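>
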């Protein structure tokens, strides 16, 4: 029986991934939360990885603004800990799928970034994730996979969609930035695609390297907020457009986070669905209860 290890299994993507894998009786899945496994501990990582055929690492430092204040701590989790996992996988002959981010790119383009676009992170979080990407490429050139995602929302963690609908109960109008472009991505849809990639990797059908795990199409945070309000039965005109300079943040945000998806063809898989159709599916998903299920 194929054995998979999911690290960061208590997070939003990790929990969805474990749920998708749980429907597969042909797989033996080890779900390791942060409490179960400290990925910054090389010895603990070696013990955890041993005996597994593939590892999917969803564990990460995800607080972008806090990373700006403590880049070393963010890099310890997003970079050096990934090197621990990659080294253990190299020793054990285990494949690794590492989750990364659009923030390793400059974010100043006007057409979707291909998977081989030049890297140029604009903030500490992006730099910390880049260290992890580079570790996978260096230590696992033939069995390492990096899946960049962005604008994730889901049922199991804090995210923009849930925040907007919570704020709708507190404010009549919400001002939302309309000058940052990206691809809202349902974490459950991404989890399904990661499992498909794992299958292809284990079968030897997936070339190693970088893949872009975001939904197709593009919108802005303002567009996403309006779509979420509409699906929740709220008046989308309560959302008002504004600009990023109205909401300065410690970490700069890329203005353009739209990713291309051409490499999925090498695995024989289509890109993820359009962001709006995925959002509709998320709102109509019967279980688990999601934070956007409003009365």
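In the working numbering, the protein residues as written are 9 to 303. Ideal placement from N, C-alpha and C gives every residue a C-beta, glycine not left out. Keep in mind it's a predicted model, so treat the numbers as computed, not measured.
Considering only residues of the same chain and omitting the five flanking positions on each side of residue 85, which have a CB-CB separation below 8 Å?
Cβ neighbours of residue 85 beyond the five flanking positions: 47, 48, 67, 68, 69, 136.
> Measuring only the C-alpha atoms, how far is residue 235 from residue 21?
Looking at the two C-alpha atoms, the distance is approximately 22 Å.
> Please report how far the alpha carbon of residue 188 lies from the alpha carbon of residue 59, in whole angstroms.
If I take the Cα positions, the gap works out to 43 Å.
> Rounded to the nearest angstrom, how far is the Cβ of residue 96 from that of residue 54, given a contact under 8 Å?
With 8 Å as the limit, residue 96 and residue 54 qualify as a contact, their Cβ atoms being about 5 Å apart.
> Note down, in chain order, each residue of its chain lying with its Cβ closer than 7 Å to the Cβ of residue 303, except the 5 sequence neighbours on either side.
In this predicted model, residue 303 has a pLDDT of only 38, less than 50, meaning its place in the structure is not dependable enough to derive any value.
> Which partner residues of residue 106 appear in the DSSP bridge assignment?
According to DSSP, residue 106 bridges with 65, 154.
> Measure the alpha-carbon distance for residue 308 versus residue 260 and round it to whole angstroms.
Residue 308 lies beyond the range of the chain shown here (9 to 303); nothing can be said about it.
> Using alpha carbons as the reference points, say which of 265, 221, 279, 274 lies closest to residue 117.
Per the Cα distances, 265.
> Helix, strand or coil: how does DSSP classify residue 148 here?
Residue 148 falls in the coil class under three-state DSSP.
> Which of the three DSSP states, helix, strand or coil, is assigned to residue 269?
In this structure, residue 269 counts as coil in the three-state DSSP scheme.
> Does the region 123-131 come within contact of the region 164-177, defined as at least 3 CB pairs closer than 8 Å?
As far as the Cβ criterion goes, the region 123-131 does not touch the region 164-177, which means the pair count is below three.
> According to DSSP, which residues form a beta bridge with residue 249?
DSSP lists 184 as partners of residue 249.
> Pick from 134, 94, 240: whose alpha carbon is nearest that of residue 71?
Of the listed residues, the one whose Cα sits closest to residue 71 is 134.
> What is the DSSP secondary structure of residue 190, counted as helix, strand or coil?
Looking at residue 190 - three-state DSSP - the assignment turns out to be strand.
> Nearest to residue 162 by CA position, among 31, 30, 292, is which residue?
Per the Cα distances, 292.
> Cα separation between residue 99 and residue 13?
Roughly 16 Å separates the two Cα atoms.
> In angstroms with no decimal places, state the Cα-to-Cα distance between residue 43 and residue 15.
Each residue's Cα considered, the two are about 10 Å apart.
> Here's the rule: buried if 16 or more other CB atoms are within 10 angstroms of the residue's CB, otherwise exposed. What is residue 9?
The residue is exposed, with fewer than 16 neighbouring Cβ atoms inside 10 Å.
> Given this structure, state the Cα-to-Cα distance separating residue 199 from residue 274, to the nearest angstrom.
C-alpha separation (whole angstroms): 19 Å.
> Under DSSP, the alpha helix (DSSP H) around residue 196 begins and ends at which residues?
Start and end: 195-210.
> Distance, Cα to Cα, residue 220 vs residue 102?
Going from the Cα of residue 220 to the Cα of residue 102 covers about 22 Å.
> On the three-pair Cβ rule with 8 Å, is the region 26-45 touching the region 75-83?
With a cut-off of 8 Å, the region 75-83 and the region 26-45 do not count as touching, because too few Cβ pairs lie within range.
> I believe residue 246 touches residue 182 by the beta-carbon criterion, under 8 Å. Please report the beta-carbon distance rounded to the nearest angstrom.
Correct: roughly 6 Å between the Cβ atoms.
> May I ask you to list the residues that DSSP assigns as paired with residue 41?
Residue 41 is not bridged to any residue.
> Answer yes if the region 143-150 comes into contact with the region 276-294, meaning at least three C-beta pairs across the two stretches below 8 Å, and no otherwise.
No, because fewer than three Cβ pairs between the region 276-294 and the region 143-150 fall closer than 8 Å, the two stretches do not touch.
> Pick helix, strand or coil for residue 11, following the three-state DSSP scheme.
In this structure, residue 11 counts as strand in the three-state DSSP scheme.
> Closest by CA to residue 8, which one among 122, 158, 173?
Nothing can be reported for residue 8, as the shown portion of the chain is limited to 9 through 303.
> Starting from residue 230, follow the alpha helix (DSSP H) in both directions and report where the run begins and ends.
Here the alpha helix (DSSP H) through residue 230 covers 229-239.
> Could you name the residues that DSSP lists as bridge partners for residue 218?
In the DSSP output, where bridge partners are listed per residue, residue 218 has 154.
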